[in-house]
Structure formats: C-alpha cells, structure tokens
Amino acid sequence: MVQALKKGKFKGVTGPLLTIVMDGVGLAPDNGGNAVAAAHTPTLDRLMRDYPTVRLKAHGTAVGLPSDDDMGNSEVGHNALGAGQVFAQGAKLVSNSIESGKIFTSSAWAAAVSQVKSSGGTLHFLGLFSDGNVHSHLDHLRALIVRAKADGIARVRVHILLDGRDVGETSALDYVRPFEEFLSGLRAPDFDILIASGGGRMKITMDRYEANWAMVELGWKTHVLGEGRRFASAEEAITTYRREYGVIDQDLPPFVIEKDGKPAGTVEDGDSVIFFNFRGDRSLEISRAFEGGEEFSAFDRVRVPKVYYAGMLEYDGDAHIPSHYLVNPPEISNTMSEYLVATGIPELAISETQKYGHVTYFWNGNRSGKFSEELETYIEVPSDVVPFEQRPWMKCAEITDRLIECLESGKYKYLRVNFPNGDMVGHTGNFLATECSMEALDLQLARILPVIERLHGAAIITADHGNADEMYEIDKKTGAPKTDANGNRKAKTSHTLNPVPCIVFDPEYDGRYTVKVGQEGFGLSNLAATTVRLLGYEPPAMWDDAILD
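First residue of the sequence shown? That's 92 in the working numbering, and the numbers climb one at a time after it.
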C-alpha cells in the first residue's frame, strides 16, 4: 500500500507548484535547423538565463528503452515524469520476449495460430511499418512472420501503416523494398504471404484520444473491408501517391493491394489479427473497433468479422484493451500521483486532446482511472481536427485560460500541464510553422509566470523529449543540416536524441535548497522527487534522486 509522504526539512513553496511540459522542446545547437532557437521566445530565454536550469536525458536507457540510440517519446517520457523511476518499456519488453521465445508460448499467440489453422483462415499483421522503435519495430514483425511459417500457418497478410514521423519523412520505400525481398525468401507453395493494404499513419487507423475516429473508420474500410484504390504492389501505391499528391509518408492516402482481380487480404470470419504496435495511445481505437460488440458506435463498421484479435501488449490496463495480448506491459507502481493522493494533496492535470492522455493515463503509470475522484481533477481542451501546420498555436491559449482560472481558484496545490505545440507541429516537418508554434508557447509562459509569482508559487518548466529543436536531418560530421541533390534541406519529422531543459522557477527562492546545476546524469525520472521536495516532503526511497538538495 502506498504511504503518505513525510515532511522534509524544506517546508515547501507557499503557493501552488506547477509542472509545465513543453512537449517536443529539446536543447540543441543553433545550426539553422533548430526551430526553438530560431523562434522569438523572450520568456523562455529569460528563464534559462536567470533561473537554475538542468539538462535532462529524455531518450534511450534513461526512459527504459533498449539503448541510447533509441529516441524518446511522449509515452515513455510521461511515464518517467510521473513514476519517478525507470521501467523497461514496450520496445525492450517485446525484444526480450522474442529473444527468450516467451512471446511464442503466450496463450494469445497459441490461440491466434490455433484459430487460423482450424478454420483454414488468414493470419493478419497490422501496425506501423518502420524501425522507429517508438510505436513498433520491423524486427518484431519479421520475427512473428518467421514463427508463423514455422508453426504451419498457410496464409499471412500484412497491413502496413507508413511512418515518415519517427523515421525519415519519405523513407517508406527504404522499408518496403527489403521487406518484399524478405517475403520472397519465405514464400513457398505452402506459405502464401504478401502485403495487403496500407496508408499513412496520420491518414488512417492510428488516431488517438478519440480526436478523429474518421481515421480509424478509413483504416477499417481499407484493412478489413478491402475498400479503396487498388494497386499491384505497395511500391506502386507509394510512388503513384507521391507523384499525385506530393505529401510525405505519414499523409499518404490508403491503398489496397489487388490479386486475381480482387482485394488480396480482407479480414474474414475465422481469421486472426495481431496489431503489432507496442505503444498504447494509437492502438486503442482500432482495438476497440475489432473487439467492440453491438454497443460500438464510433462509426459504422458495415461488417464485423468473427476473428481472434490480439495486441502486442495490453494497451489499457484498466479497461483491459485488448482482451488478448502477446507480451505483458510494464507494471508501473509507486507513482507520484499515488503518493500525492495518499498525502491529501489536491492535483490538476490539463492539456488539449492530443496530449490529454499523457498528463493523465501515461503520467499515472498507464492507468486510465483516477486514484482519487476527490483530490484529482482532469481537464481536456478539445483539439482542432485540422493539419497542425495550419494552426501551429493549436489550443495553447485556451489551455492557459483554463489553467490560470485553476491556479487562481486556490483549489490545487500541485498542477501539471502539457503544451503539445513543439511536438505535434514539429512532426509535420514544417520549419516556419514549428517556429510559430514555439512563439505561441512562449506567449503562454509570459501569461502564466506572473500568476505563479503573484500566488507565491513555483514552477518546473521541462519537456518530455526533443523534436522542434532539430527540424532538418543533421550531418553528424559537420553538424549542419543535410541537403538533397537540389540543395534543399531534408526535413526531419521525428523526435531527437537531444536533452531537454528543466528550469526551476521559484521567485521567492531563499537559499533553503540548491539546484544541482551542471551535474550530469539526470533524466526525466528525477523530477518526481524534485516535485515533492518543492512541495515540502521527502520522496520515497524507490524514486530516483531529486535535482536539488
């Protein structure tokens, strides 16, 4: 049972304590590709100049990923921020399970294989098609396919969601071509396998937080019903759409592969479907579509095949979505919210739809519900359903309006807010829009900080990972943005490996604690202990150390 926090030597800040997560804002050189540095951000500049600032690791092993070559992401970042500890995360869990063979002894794998073999049906794999290692990894898919053949599956269909977000924006063919060679090496008279459908990840299937169910509906029609424009191959679809639409991979329209004059891989009764993404936020809605009964009302599914559906992991541990999964998710315990509730501290979590789940579900250790209805308040500001580069300010002003109301209400001792701009706009690859998004964010900081000061409070200003700080592919030798044959800079839409800032804004600082500025080795998980120290309590022993004494 979680115990209440013990009082510390420092009595804590007098007013409210606010954590501001500037999503996707990392620290990087001003090399011409850094939209954070290029933007006019006088408030952020003043904060980093006049207040203690610590550089935090927000990727790789610091957030539970397999290696320091792995980019951080919002899911693992908020897990670490809210848990105060580092837990092995999705990619590492799946890789370990495949390496040990445990995944293939799971009841879900056995059931998926059994259903297909007994019905003479098809085993479908659906998921994000890249090695970005944020939502999925192609090595995991390859391992599942190889095992499916070894287990005697006769027919496999692969439904690919093109990335261009966690990897290069137009890198799809770099994955499709070698994958087709891989399939050719496996194909045999008793093993029929091919890519059956696909489309861009921001166009179909991978919506999150119910922001745009139409994406999921379009994915359902593509993968399940086989409706859509037909092509002979995925490569033909990609090259045709690039020529016709001029969009990057994540925005490519859906396509269906045709074989013998009909869709090659519709989902039918008796089939099994495995969604091979390990990250939860963009896996929940498609899982609900497959598993929802007559009460499902998000869209008209037209036809609901009787299939065995399994996810790579359990994407929601409270709602138990999906019902079946191949690898057990990380068991995150002793989170900061649990301790604050046990101590009787009223909390607020607020963001717009795009990151609402990050300051609630992920922050609380992948828990959907609250620890206390009385002490916790969640506010979701509905996001616009428009391309982010068209409204790079997103809902930051509305979030700030509500946040200031909550600060001034005096109801909350601890508050947390996520501003999604740097990440969501950064993912578009549009430098000018991302620069604008940072300036919009800076305006909100300028509104919030005087309120904190007037209320005798303090704030921790940080980020969950980098993105806006590196908008072009960087040449590692020169440190300058890469260019193509025409001299154009190559846009980067993925997260970065850069550290993030942690600024302690305490206008009434009186020397009773010291921020460990200049000390290396801190990560996002060190902020839970930092938070409770500033609230006047001693962090529990299992948490990583605070960045202040």
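All C-beta atoms in this analysis are idealised placements derived from N, C-alpha and C, irrespective of residue type, glycine included. If you're wondering where the values come from, they're calculated on a predicted model, not measured in any experiment.
| Check | Outcome |
| --- | --- |
| Span of the beta strand (DSSP E), counted from its first residue to its last, around F220 | L214 to F220 |
| C-alpha distance - A584 paired with G513, whole-angstrom precision | With the sequence shown as reference, residue 584 is identified as Thr, and Ala is not the correct amino acid for it. Those two C-alpha atoms are separated by around 11 Å. |
| Beta-carbon spacing of V93, N509 below 8 Å | no |
| Cβ-Cβ distance between E308 and F220 below 8 Å | no |
| Exposure label - G570; buried when at least 16 CB within 10 Å | exposed |
| Nearest-angstrom Cβ-Cβ length linking A179 and P421, presumed shorter than 8 Å | 6 Å |
| Endpoints, the beta strand (DSSP E) within which D430 is located | Inspection of the sequence shows that residue 430 is occupied by Tyr rather than by Asp. Note, Y430: premise wrong, no beta strand (DSSP E); alpha helix (DSSP H) at M427 to T434. |
| N- and C-terminal bounds of the alpha helix (DSSP H) containing R248 | Counting along the chain, R248 falls outside any alpha helix (DSSP H), though it belongs to the beta strand (DSSP E) covering R246 to L253. |
| Cβ-based neighbour list, T468, same chain, cut-off 8 Å, excluding 5 preceding and 5 following | P437, E438, L439, A440, C497, K502 and Y503 |
| Secondary structure of M485, DSSP reduced to three states | coil |
| 8 Å Cβ cutoff met for I423 and L375 | no |
| Those residues which DSSP pairs with C527 across a bridge | Note: C527 sits in no beta bridge, so no partner. |
| Short Cβ contact (8 Å threshold) for F216 with L235 | yes |
| Segment contact, 8 Å Cβ cut-off, at least three pairs: the stretch 479-487 with the stretch 518-530 | yes |
| Close-in-space but distant-in-sequence residues of the same chain around R321 (CB under 6 Å, 5 per side omitted) | V347 and E349 |
| Length at least 3, wholly inside the stretch 325-383: the beta strand (DSSP E) runs in chain order | 346-350 and 363-366 |
| Alpha-carbon to alpha-carbon, D372 and V185 | 17 Å |
| Chain D contact for K98 (CB, 8 Å cutoff) | The structure shown has no chain D; it contains just one protein chain. |
| G614 vs K97 beta-carbon contact at 8 Å | no |
| Cα-Cα separation between Y406 and Y430, rounded to whole angstroms | 24 Å |
| Within 8 Å, strictly: CB atoms of G124 and M515 | no |
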